[in-house]
Amino acid sequence: MTKLTKKVVIGNLKMNGSLHFNEKHFSDIKSGVNDFSDVDIGVCVPYPYLFQAQRIFQKSNIFWGSQNVAKDSDGPFTGEVSVSMLSDFNAKCAIVGHSERSTAYCESDENIALKFSALKNKLMTPVLCVGETLIEREAGIMERVVASQINTIRKNYGKNIFADSIISYEPIWAIGTDLAASPDQADHMCSFIRGLINDTENNNVEGLKIIYGGSVNSKNALQLCGLESVDGALIGRGSLNAEEFIKICQIVNSI
Ligand code: 13P
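If you number the sequence shown the way this note's numbering does, the last residue is 261 and the count never jumps.
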């Protein structure tokens, strides 16, 4: 597992792109971020484009990954893609538990925990998404919701499973809405997550990155990623425009 030591910017392309679009998009991103040495940059692509991502991003400062993975290693699981299949394309990371999957495809916290562990077993970096709905925030129970998402993993595997992993705090109300969390909200929740996992001051989990996702763009990236508690960002729409994505990476590189 390559250690992530800097702030991190990861593009989540979601179900977008085509062979034709990606060819230019990936190449533009590759050349645009070539000089940025103070940020770790990744792109999570749809499964069919892993080979293309590998071909274009190998020998660059960009890592690549997927947006989901199977909890099982092989067998009769129609439509699933295993961790070792991702490894065949040198994928470094996989998003697990994104709200667009957990809501639309009824993914349970238990399943997400199994996927997280399957990735760690093969030395890949899980990018675990956690976050609350607007109703839950208005009810003031966002910490409880996020704690329960994280504690399902922790109670099954212990806190050290989070070493060399990424947790992305993604309030569901901020995704795709242009209503990013305020710096105070992001700071509070990312600090809360860190405290939840590192329960004692001098026994911190190593290599854990806690990033923020939800309507991040080049206008708010500095405010959000500049926070000490926020180790970077997971970018949806902003990763579909190479110029915008490069700008965000440049801002985080300069922090
Ligand atoms: P947007 O940046 O489009 O709001 O999406 C965020 C997200 O879902 C990242 O995983």
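The C-beta atom is built at its ideal place from N, Cα and C for all residues, glycine as well.
Closest residue to residue i among the options (Cα-Cα distance)
i: I178; options: A153, Y163, Q155, T139; result: T139
i: E106; options: C135, A59, S235, K126; result: C135
i: K20; options: I35, V14, P52, N28; result: P52
i: L125; options: S108, A169, I141; result: A169
i: I181; options: N74, A239, G48, S79; result: A239
i: N166; options: R143, F122, P189, Q58; result: F122
i: K65; options: V89, P82, S33; result: S33
i: N127; options: P82, N28, A76; result: A76
i: N223; options: D41, D205, K253; result: K253
Same chain, Cβ closer than 7 Å to residue i, five either side skipped, listed in chain order
i: D44; result: K12, N259
i: A59; result: F32, V49, V51, W70
Chain-order list of residues whose beta-carbon lies under 8 Å from that of residue i (same chain, five-residue window excluded)
i: L56; result: W70, S72, L92, F95, A97
i: S154; result: D115
i: Q191; result: P177
i: H104; result: N18, Q73, N74, C135, E176
i: E29; result: Q58, I62
Buried versus exposed, by CB contacts within 10 Å (16 or more), residue i
i: S171; result: buried
i: P132; result: buried
i: G146; result: exposed
i: S79; result: exposed
i: T158; result: buried
i: A110; result: exposed
i: F251; result: buried
i: E249; result: exposed
Own chain residues within Cβ distance below 6 Å of residue i, not counting five before or after
i: L228; result: I257
i: I216; result: I173, C196, I199, R200, D237
i: L246; result: N22
i: V151; result: E138, E142
i: S322; result: The structure shown does not extend to residue 322, since the chain is modelled only from 7 to 261, so the question has no answer here.
i: L10; result: D46, K215
Sub-7 Å separation of residue i and residue j beta-carbons
i: D184; j: L233; result: no
i: D46; j: V87; result: no
i: E176; j: G213; result: no
i: L202; j: Y218; result: no
i: N162; j: A119; result: yes
Which full runs of the alpha helix (DSSP H) of 4+ residues lie inside the stretch 69 to 121, going along the chain?
Taken in chain order, the unbroken stretches of alpha helix (DSSP H) that lie wholly in the stretch 69 to 121 and span 4 residues or more are 89 to 94, 105 to 110.
Ignoring anything shorter than 3 residues or poking outside the stretch 147 to 194, list the beta strand (DSSP E) runs there in chain order.
Segments of the beta strand (DSSP E) lying fully in the stretch 147 to 194: 172 to 175.
Any chance you could list the beta strand (DSSP E) runs of at least 3 consecutive residues sitting entirely within the stretch 28 to 52, in chain order?
Qualifying beta strand (DSSP E) stretches, in chain order: 45 to 50.
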